[in-house]
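Report on one structure; see the data block that follows.
Numbering (the working numbering), first residue to last: 123 to 235.
In structure tokens:
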């Protein structure tokens, strides 16, 4: 019998992601860029991109690399999917910035600056 948590869906997704990373021989940046391309091809929502913001930063993925991936897949997935992906990526970055800002404000307010 398995132990139930309060976030079984997130826990399952995290476990699947970790298993995928352990079995993949790609460099960190290539792995993230490949996943971004797959998300764009599927017309994934912003929250799916948000899960990749932290790992992309840690892998030193640049905006130029991200743009190159969208340019490279445009002939395959189409302009509508690429434009949708760009919008969702922008939304995800905005969410990440808002969370980081709220965390900073909580630290400054709570710890006394």
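No residue lacks a Cβ here, since even glycine has one placed at the ideal position from N, Cα and C.
For residue 185, the uninterrupted alpha helix (DSSP H) run begins and ends at 185–199, by DSSP.
In the structure shown, the three-state DSSP call for residue 149 is coil. Separation of residue 165 and residue 174 (C-alpha to C-alpha, rounded to the nearest whole angstrom) is 15 Å.
Taken through DSSP and simplified to helix, strand or coil, residue 182 comes out as coil. Take the alpha-carbon of residue 128 and the one of residue 227: they are about 27 Å apart. Residue 197 and residue 230 have their C-alpha atoms roughly 47 Å apart. In this structure, residue 163 lies near residue 195, with their beta-carbon atoms less than 9 Å apart. Considering only 135, 182, 132, the residue with the shortest C-alpha distance to residue 155 is 182.
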